[in-house]
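Note sheet for the following structure.
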Amino acid sequence: MIYHSANNFNFLSFFLGVALNLGAGAVFGMSFGQEIAKLSLQLYKLDTMAARVKFMEW
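Residue 806 is where the sequence shown starts when you use this note's numbering, and the numbers rise one by one after that.
Shown next, in the form of structure tokens:
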């Protein structure tokens, strides 16, 4: 079986795209999760003013 350079490039660019998408998803999920955790902690502590301000910022 003969492989052409164009096929190799498409194969590598596919995995590069997958890796970049996974990395971006991980960063987005981590930052979004931290914001949710901060808001829920403020609500749990009954720091209602800070929770309202954070909700209005969204």
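Glycine residues also receive a C-beta, built at the ideal position from the N, C-alpha and C atoms. Keep in mind it's a predicted model, so treat the numbers as computed, not measured.
Through-space distance from residue j to residue i, alpha-carbon basis
{"i": "Asn826", "j": "Met835", "result": "14 angstroms"}
{"i": "Lys859", "j": "Phe819", "result": "39 angstroms"}
{"i": "Glu862", "j": "Glu840", "result": "11 angstroms"}
{"i": "Gln847", "j": "Arg857", "result": "9 angstroms"}
{"i": "Val832", "j": "Asn815", "result": "26 angstroms"}
{"i": "Ser845", "j": "Gly838", "result": "10 angstroms"}
{"i": "Gly828", "j": "Ala842", "result": "21 angstroms"}
{"i": "Leu821", "j": "Ala855", "result": "41 angstroms"}
Residue i: CB within 7 angstroms of a non-hydrogen atom of the ligand MG
{"i": "Leu817", "result": "Absent from the structure shown: the ligand MG. Ligands present: none."}
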